[in-house]
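The structure under discussion appears below in the form of structure tokens.
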Amino acid sequence: MFKFVVLLSAALAFAASASLRVNPDELHVIWDTIEKDIRVRQQEAELEIRNLLEPLRILVDDAREKLANDLQEANAVIQDEIRRIEQEPHGRDIARCIQQAEEELRRVDDEL
Numbered sequence: 001m002f003k004f005v006v007l008l009s010a011a012l013a014f015a016a017s018a019s020l021r022v023n024p025d026e027l028h029v030i031w032d033t034i035e036k037d038i039r040v041r042q043q044e045a046e047l048e049i050r051n052l053l054e055p056l057r058i059l060v061d062d063a064r065e066k067l068a069n070d071l072q073e074a075n076a077v078i079q080d081e082i083r084r085i086e087q088e089p090h091g092r093d094i095a096r097c098i099q100q101a102e103e104e105l106r107r108v109d110d111e112l
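Last residue of the sequence shown: 112 (the working numbering), numbering continuous.
Here is the structure:
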């Protein structure tokens, strides 16, 4: 993009010089001015992009951390409930139910 703008500027300067009979030194000055202006604008654009991306990175990191914490809290509650159910005396074997609950929990964790 930068090269295209420079070439376009040079072509415009050349076209202008043909009709106005500008000498090569003036063209060189115009070229340098255009090139400096483009470089300054490019640096400003890069800085603006960096300034926009940094807050987004912070927000994404915060969201990722919050999600991980929420998952750990939810998992802890579910694991506590599983342990409570395992410790309750039952007239029948609930091991299969517990195994299914643990498998479901793993599936949910994997999806999240």
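Built from N, CA and C at the ideal position, the CB exists for glycine as well.
Nothing here was measured: the structure is a model prediction, and the numbers come from that model.
Proximity of A45 and I30 at Cβ, strictly below 9 Å: no
Three-state secondary structure assigned by DSSP to N23: coil
Whether I38 touches S9 by CB criterion (9 Å): yes
Supposed close pair I78, L105 - CB separation, criterion 8 Å: 6 Å
CB-CB length for A101 against I82, believed under 8 Å: 6 Å
Simplified DSSP assignment, three categories, for E81: helix
Residue range of the alpha helix (DSSP H) that includes I98: 95-111
Alpha carbon of F2 to alpha carbon of Q72, nearest angstrom: 49 Å
Presumed contact (8 Å Cβ cut-off) between N75 and D109, rounded CB distance: 7 Å
Three-state class that DSSP yields for E86 in the structure shown: helix
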